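Numbering (this note's numbering), first residue to last: 18 to 83.
Note that the Cβ used here is the ideal one computed from N, Cα and C, for glycine as well.
Fair warning: this is a prediction, and the values are worked out from it, not measured in the lab.
Below is one structure; the comments refer to it alone.
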């Protein structure tokens with residue numbers, strides 16, 4: 018059976034935590050920040066975690082981890 022290819026785009030955007038959760042960084046924190054409130058900018062700076070429903074799809078994109 019051939020090796021599975023890693024999705025390069027997913028590899029750049031997703032990390033695995035020590036406990037195995039899938040972590041990503043939120044969109045909307047790069048530019049055009051003047052119209053956003055401080056609280057929103059602060060919350061966008063925090064990492065998000067992929068929901069259980071989407072985890073299996075992400076693991077197919079990254080068969081060998083990130």
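**Request:** Give me the Cβ distance between residue 46 and residue 65, rounded to the nearest whole Å; I'm assuming they're in contact under 8 Å.
**Result:** Actually they are not in contact, since the Cβ atoms of residue 46 and residue 65 sit about 12 Å apart, beyond 8 Å.
**Request:** With a cut-off of 8 Å on the beta carbons, I'd call residue 27 and residue 79 a contact; round off their distance for me.
**Result:** 6 Å
**Asked** Going by DSSP, what residues sit across from residue 66 in a beta bridge?
**Response** 40
**Asked** Beta-carbon separation of residue 40 and residue 34 under 8 Å?
**Response** yes
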